[in-house]
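Those protein sequence lines, which keep their order, are chains A and B. Residue numbers 3 to 254, in our numbering, belong to the letters of the first sequence in order. Residue numbers 438 to 879, in our numbering, belong to the letters of the second sequence in order. We put the CB at the ideal spot given by N, CA and C, even for glycine.
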Amino acid sequence: ILGGKAARRGNFPWQALTGINGRGGGALLGDRWILTAAHTIFPKGGVQNNVSLEQLAEEADIFLGHTNVDELHKMGNHPVRRIFIHPDFNPNDEHNFNGDIALLELKNPVTLGPTLLPICLPDATNTSFYAHGHMGYVSGFGVDKNRISSSLKYVSLPAVAQEKCQSWLDSNKKGIPMVFSENMFCAGFLEGKKDTCQGDSGSVFTVLDRESGRWVATGIVSWGIGCGTGYGFYTKILNYLDWINGIVKEDR
Amino acid sequence: SSPVPRGSPLFGEIRSPNYPKPYPNNNISIWDIQVPKGYGVKLTFKYFDLEPSESCFYDYVKIKADKRDLGRYCGQLGSTTGNHPGRKEFVSKGRKMHLEFHSDFSNEDNGTVIPYRGFLASYRAVDLDECDPNNAAENYERPQCQHFCHNYVGGYFCSCRIGYQLQSDQHSCKVECSSELFTEASGYLSSPEYPQPYPEYLRCNYSIRLQKGLSIALRFLEPFEIDDHQQVHCPYDQLKIQARGREIGEFCGREPPGIIETNSNEVDILFLTDDSGFSRGWKIHYTSEKIRCPQLVPRDQFTIIRDLQPVYQFQDYVVVSCKTGYNLMEGDKKLVSFTAVCQADGTWHQPMPRCEVVNCGSPKNLTNGAFSYLKEPANNEYQSVISYRCHEPYYHIVTGTGGERFTCSPEGTWLDQDGQKRIPSCLPVCGKPVHPVVEVQR
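Following this line, the structure appears as structure tokens:
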């Protein structure tokens, strides 16, 4: 997280620290699901992409319930039973993060408390959270000032209109033919240093639903061109509600 | 003595000495006629010609039978002196007849010797009616038969009234009451000759045998008379009653016992008498009904006896249940149902169960939640109520339409208000951090 602040315990109780192919983030859904980005499991251009999901599940580390990485490690890993990668995600296409969403099922449900609570999913009919300028928070254990963070940080970012994202992308892609699909949205600032960065992938972009008073995950940290140099791109969770519910509710 | 045929002929003749020639003087001849047993002797004179004299003082024939003199005879047919037998028939009551012939030293009348030819007698055996009490001969002084006498040619036999048996002496009769068996559901039995005095030396045994499950009741009729003694209990005659080998009582006197409920389908009545007495005996009317079982008594206030009846008899059954919320228990064993049958021996085939309050056991634990008892005392018994709750604010409860309250049901399970067993769930509460980010600086 660039330009953010240190989170206090209980600010982002859904925040997960993942260690699958490097540091990543995730968000607790219910009491045994972790929502994350697919590329934290299968990195673009990664060398381990032929490893099976079962093997990855065994090797995956999931930490929950604290803002400090060391404390998280002390609290212990939550083993993963199964991994679900969205079928649209293509790890071999380095320029297309479409379908960058995954679910991890924990072997054991976690006990919720002040420092460990799930995040809500958006109402399928409510698109207002993606309106231009709608502020949200992103938290993560990712890079801060070129250093991997030892504690949870967060930053407040506005959602950006789709055409502005595309326009900025068209002008700033620096020769990288990145795909900006309808399953993504971008957020952040053109100027300033507030942004997400490496290691934050998989963490969620959350907004406060003022009607219900609940925090809702609208996006998953997915990709960006550099850090703090423009908008960041997020997986648009609203478009994957059916996929998520299809897995989570079927299993219930 | 003149000879008579040996043995016991059925007929024969007796002649005076020298007959048909005149009999000799100074002669004594004796004949003992004996016919077969069962016959009497019938004697008649075919010819009779003896010196006549007053009272047959000189010559005569004397006839004896049955230790009696049947007469002393002499004379000639039509003579005015003497005692001519004529056509008289002499009949003995016994099988013997004794004849004696006596002649004196002469048969002269005024110096003239008169040849008297003597006599020719014939006898034959005649059937003796031994059954006629008037015919009691010297050998038959006692009654011929105790009950009935039947004469036949050459003999007689005795028989007894119904219920009596002719004894080995072929004369006396004794009551046969040693194995009287009664198998009807009701009936009468009495001492021999009742209401006339009962005989001596009785050993009567009356057995009532009815099918299992029946109970015999005995009721004594009037008169009731059995020899007794004021100081000693039944020293002479006894009426003993047993039921299935169990002694019920020994009775005598003039006061009949009350109605005796034997509670048994097998009763034995033994009547023993001594050699004397003049009591009229007894008579019993016995009846039977199905044997009764004792009234069932509930062991607790929660027991229900279906269709409780004032009396339970053999083959009746009862169905026992418990009030709602209680289980039938036999020891530590829970019974699905209970039926007891009244047995043939008047006992119930299994003892009364008890009713124990239903215990639903500990309620299921609610993951990420808990339950609490809503009633005192807090237990898991019938009608206890619990309420589930979740650990808020992290979880919220999801219940069926029956809500979060569960009641211990009569079936021993915790049920919600819709009668469902499924307990609520505690679902995570999302998006409600206890300590959300609060931006103060603007």
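Nearest to residue i (by Cα), restricted to the options the options
i      : options                        : result
L240/A : S153/A, P160/A, A126/A, F187/A : A126/A
L66/A  : I43/A, R216/A, D33/A, A161/A   : D33/A
H41/A  : V250/A, T237/A, I249/A, E193/A : T237/A
K525/B : C797/B, E545/B, S559/B, E537/B : S559/B
D503/B : L514/B, Y476/B, K483/B, P861/B : Y476/B
E213/A : L74/A, P124/A, L192/A          : P124/A
P398/B : T761/B, D753/B, I465/B         : The structure shown does not extend to residue 398/B, since chain B spans only 438 to 879, so no value can be given for it.
L31/A  : L864/B, P873/B, V875/B         : L864/B
V822/B : S846/B, C568/B, Q648/B         : S846/B
N520/B : Y495/B, W785/B, H587/B         : Y495/B
V773/B : V795/B, Q675/B, P446/B, D564/B : V795/B
S725/B : T710/B, L709/B, C610/B, Q750/B : Q750/B
F739/B : E613/B, Q746/B, S758/B         : S758/B
L733/B : D744/B, D486/B, V498/B         : D744/B
V778/B : R729/B, K869/B, D769/B, C689/B : R729/B
I87/A  : N94/A, T38/A, D63/A            : T38/A
Q854/B : K458/B, T699/B, E841/B         : E841/B
I678/B : Q668/B, L658/B, T699/B, H786/B : T699/B
F91/A  : T117/A, D63/A, R11/A, G47/A    : G47/A
Within-8 Å CB hit, residue i to chain B
i      : result
N13/A  : yes
R216/A : yes
I85/A  : no
D102/A : no
D33/A  : yes
V249/A : Residue identity differs from the one stated: residue 249/A is Ile in this sequence, not Val. No - not a single Cβ of chain B is within 8 Å of the one on I249/A.
R10/A  : yes
Y236/A : no
V242/A : A quick correction: the sequence has Tyr, not Val, at residue 242/A. Cβ-Cβ to chain B under 8 Å: no for Y242/A.
I246/A : no
T113/A : yes
C122/A : yes
Y156/A : yes
Y139/A : yes
L37/A  : no
P160/A : no
Residue i at chain A interface by Cβ criterion, 8 Å
i      : result
V871/B : yes
G868/B : yes
N805/B : yes
Y832/B : yes
P847/B : no
V874/B : yes
P413/B : Examination of residue 413/B is not possible in this model, given that chain B is present from 438 through 879 alone.
Beta-carbon gap between residue i and residue j smaller than 8 Å
i      : j      : result
R532/B : V590/B : no
L655/B : I741/B : no
N23/A  : I36/A  : no
V145/A : G232/A : no
H828/B : N805/B : yes
N702/B : L651/B : yes
S615/B : C597/B : no
S203/A : S224/A : yes
K251/A : L4/A   : no
P861/B : Y832/B : no
T198/A : I121/A : no
F60/A  : R84/A  : According to the sequence as given, residue 60/A is Glu; it is not Phe. No, these two residues do not count as a Cβ contact at 8 Å.
P387/B : L639/B : Nothing can be reported for residue 387/B, as the shown portion of chain B is limited to 438 through 879.
Reduced DSSP category for residue i - H, G, I as helix; E, B as strand; rest coil
i      : result
R879/B : coil
K504/B : coil
P461/B : coil
H88/A  : coil
G248/A : helix
R717/B : coil
E60/A  : helix
F65/A  : strand
V734/B : coil
C199/A : coil
W170/A : helix
Distance cut-off 7 Å: residue i Cβ against heavy atoms of the ligand GDP
i      : result
S623/B : Ligands in the displayed structure: none, and consequently the ligand GDP is not present.
Tell me, please, whether the region 240-250 of chain A touches the region 446-461 of chain B by the rule of three or more beta-carbon pairs shorter than 8 Å. These segments do not touch.
Any 3 or more C-beta pairs closer than 8 Å across the region 647-667 of chain B and the region 707-727 of chain B: The region 647-667 of chain B, when compared against the region 707-727 of chain B, does touch it at the 8 Å Cβ threshold.
Counting pairs of Cβ atoms below 8 Å between the region 150-162 of chain A and the region 125-141 of chain A, do you hit three or more? Note that the region 150-162 of chain A touches the region 125-141 of chain A; at least 3 beta-carbon pairs, one per stretch, sit closer than 8 Å.
Check whether the region 65-83 of chain A and the region 107-120 of chain A are in contact - that is, three or more C-beta pairs closer than 8 Å. A contact exists between the region 65-83 of chain A and the region 107-120 of chain A.
Using 8 Å as the Cβ pair cut-off and three pairs as the minimum, do the region 87-101 of chain A and the region 180-187 of chain A touch? Yes, the region 87-101 of chain A is in contact with the region 180-187 of chain A.
Tell me whether the region 164-176 of chain A and the region 9-28 of chain A touch, counting them as touching only if at least three CB pairs, one residue from each stretch, are closer than 8 Å. With fewer than three CB-CB distances shorter than 8 Å, the region 164-176 of chain A does not count as touching the region 9-28 of chain A.
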